[in-house]
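Working notes, beginning with the structure itself.
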Amino acid sequence: MVQKQKNISFKGKVEIIGKSPYAGSGPRGIDVYTRKLSEHISKALPHESLIVSRDQVSSRSVNLVHYTFFDPFFLTLWRKVPRSTPYIVTVHDLIPLRFPEHFPSGIRGKFKYLLQKLALKNSAAIITDSEASREDIAKYIGYSEDRIHVVPLAAGSISATHALRKTIAKEYKLPSSYILYVGDINWNKNIVGLINAFSKIQDDKTTLVLVGKAFAGNIMTRELLAINDAIENSPKKHMIRKLGFVPTHHLSAIYKGAALYVQPSWYEGFGFPVIEALSQGAPVLSSNQGSLPEVGGEHAHYFDPNKKNDLAEKLASLLSNTTLRTKYYESGIAWSKQFNWKNVSKATLSVYEKYAR
Numbered sequence: 007m008v009q010k011q012k013n014i015s016f017k018g019k020v021e022i023i024g025k026s027p028y029a030g031s032g033p034r035g036i037d038v039y040t041r042k043l044s045e046h047i048s049k050a051l052p053h054e055s056l057i058v059s060r061d062q063v064s065s066r067s068v069n070l071v072h073y074t075f076f077d078p079f080f081l082t083l084w085r086k087v088p089r090s091t092p093y094i095v096t097v098h099d100l101i102p103l104r105f106p107e108h109f110p111s112g113i114r115g116k117f118k119y120l121l122q123k124l125a126l127k128n129s130a131a132i133i134t135d136s137e138a139s140r141e142d143i144a145k146y147i148g149y150s151e152d153r154i155h156v157v158p159l160a161a162g163s164i165s166a167t168h169a170l171r172k173t174i175a176k177e178y179k180l181p182s183s184y185i186l187y188v189g190d191i192n193w194n195k196n197i198v199g200l201i202n203a204f205s206k207i208q209d210d211k212t213t214l215v216l217v218g219k220a221f222a223g224n225i226m227t228r229e230l231l232a233i234n235d236a237i238e239n240s241p242k243k244h245m246i247r248k249l250g251f252v253p254t255h256h257l258s259a260i261y262k263g264a265a266l267y268v269q270p271s272w273y274e275g276f277g278f279p280v281i282e283a284l285s286q287g288a289p290v291l292s293s294n295q296g297s298l299p300e301v302g303g304e305h306a307h308y309f310d311p312n313k314k315n316d317l318a319e320k321l322a323s324l325l326s327n328t329t330l331r332t333k334y335y336e337s338g339i340a341w342s343k344q345f346n347w348k349n350v351s352k353a354t355l356s357v358y359e360k361y362a363r
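For reference, each letter of the sequence shown is one residue, going 7 to 363 in our numbering.
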């Protein structure tokens with residue numbers, strides 16, 4: 007998926023603007039992408055050639071502006087960029103446009119989308135995480151595909167030792183066998199589908215562990231209400247754990263200890279936890295929708311979320327067959343190594359070189 011990049015000779019000045027409108031984006035979200043990208047690009051550029059801003063364009067003259075976040079219903083691009091300065095935009099996905107019935111925009115959102123779409127169409131180029139997102143951008147925005155550049159994201163580099171794994175397992179009271187999910191609870195994540203499938207399998211030794219800040223949220227969104235209802239109505243509710251937010255260095259150990267990592271999504275623009283799980287040697291069972299087959303490649307097991315009982319059947323099959331479940335252990339780790347920040351920054355610099363003035 008990640009292609010070799012030529013040596014980059016870009017010497018211009020760039021301003022990176024990356025501020026998410028979401029309160030919880032910092033620990034593992036858009037803010038991390040902006041920070042890590044900036045750190046690695048700064049190593050390749052001459053001193054004082056990179057400006058990193060939160061939400062407004064600097065008064066300094068630059069050759070290119072890079073917005074590292076786009077949301078169709080928030081004014082993430084509506085900042086004053088000089089007409090002579092080209093700008094590029096990172097669009098991680100357009101899931102709200104692909105599934106509007108599950109992501110209502112409201113009247114204000116519709117108005118903001120018109121402004122956002124105009125600003126996006128006026129950009130010099132777009133960077134996105136996957137071919138699936140590239141196709142969505144061309145379809146829903148009407149943007150020229152030859153100016154949409156796929157730059158896959160990177161996995162973290164922290165790896166837990168065996169001793170730390172034992173300590174973390176004890177701290178979080180993890181069972182000896184557990185299915186793991188890490189991430190948000192938006193509709194497209196299909197968490198209710200995962201809970202229902204887990205409830206069907208005949209296994210009284212394996213627990214379902216759900217990790218993510220939103221699982222422990224105080225605000226009862228419709229997604230969290232649906233998840234809580236699914237757990238409460240499950241015959242295996244005593245075997246479902248919600249851990250909430252977990253620090254990154256702890257998360258590595260939790261991935262390593264999982265019998266199986268599951269990505270149950272209806273759709274993804276990338277699927278970052280799949281790479282995280284593979285990098286830690288965790289067996290992965292993933293949905294076959296959106297970008298996920300790109301991310302897992304031939305090193306994950308797949309199911310079709312649109313096919314009734316397919317997830318439950320694959321869960322049961324993999325949990326009962328250790329050889330099959332761990333088939334891609336070594337190849338998965340090797341595959342994940344290409345998803346690193348050096349490759350991300352090199353590919354991004356290649357885009358800068360092409361469009362900067």
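Cβ coordinates follow ideal geometry from the N, Cα and C atoms, glycine included. Just so it is clear, the structure is predicted and the values come from calculations on it, not from any experiment.
| In chain order, which beta strand (DSSP E) runs of at least 3 residues are fully inside the region 77-152? | Runs found: 93-97, 131-134.
| message | Out of S271, H305, Q295, which one is the CA nearest neighbour of Q286? | response | Nearest C-alpha to Q286: H305.
| query | Which one of V198, S293, E274, L266 has the shortest CA to CA distance from A283? | reply | The residue with the shortest Cα to Cα distance from A283 is L266.
| query | Helix, strand or coil: how does DSSP classify L159 here? | reply | Coil at L159, not helix or strand.
| task | Mind checking which residues open and close the alpha helix (DSSP H) that includes H168? | result | Note, H168: alpha helix (DSSP H), 168-177.
| Alpha carbon to alpha carbon, how far is K127 from L120? | Cα to Cα, K127 sits roughly 11 Å from L120.
| Does S111 have its Cβ less than 8 Å from a Cβ in chain D? | You won't find chain D in this structure, because it holds only one protein chain.
| field | Bridge partners - Y73, DSSP secondary structure assignment | value | Beta-bridge partners assigned by DSSP to Y73: I23, V95.
| Grouping DSSP H, G and I as helix and E and B as strand, with all else coil, what is Y334? | Coil.
| query | From which residue to which residue does the alpha helix (DSSP H) around R247 run? | reply | Premise fails: R247 lies in the beta strand (DSSP E), 246-250, not in any alpha helix (DSSP H).
| query | Taking the beta strand (DSSP E) that T213 falls in, what are its first and last residues? | reply | Its beta strand (DSSP E) spans residues 213-217.
| task | Give a yes or no on whether the C-beta atoms belonging to G162 and P270 are separated by under 8 Å. | result | Cβ atoms of G162 and P270: not closer than 8 Å.
| query | Which value, in whole angstroms, describes the spacing of the CA atoms of V357 and I22? | reply | Rounded to whole angstroms, V357 to I22 spans 13 Å at the Cα level.
| task | Grab me the residues of I191's own chain with a C-beta within less than 7 Å of its C-beta, minus the 5 sequence neighbours each way, in chain order. | result | By the criterion of a C-beta distance shorter than 7 Å, I191 is surrounded in its chain by I197, G218, A220, F221, E229, L230, I233, once the five residues flanking it on both sides are discounted.
| said: Here's a check: name, in chain order, each residue in its chain whose Cβ is nearer than 8 Å to the Cβ of Y335, leaving out the five neighbours to either side. | reply: Only G287, P289 meet the Cβ criterion.
| said: Contact defined as beta carbons within less than 8 Å: I believe A259 pairs with A166. What is the distance between those atoms, to the nearest angstrom? | reply: The Cβ separation is near 4 Å, so the contact holds.
| Three CB pairs or more closer than 8 Å across the region 37-56 and the region 346-362 | With the cut-off at 8 Å, the region 37-56 and the region 346-362 touch.
| task | Mark W84 as exposed unless 16 or more other C-beta atoms lie within 10 angstroms of its C-beta, in which case mark it buried. | result | Classification of W84: exposed, given that the 10 Å Cβ count is below 16.
| task | State the Cα-Cα distance for the pair S293 and F278, rounded to the nearest angstrom. | result | Those two C-alpha atoms are separated by around 13 Å.
| By DSSP, does F278 sit in helix, in strand, or in coil? | In the structure shown, F278 sits in a helix (DSSP, three-state: H, G or I).
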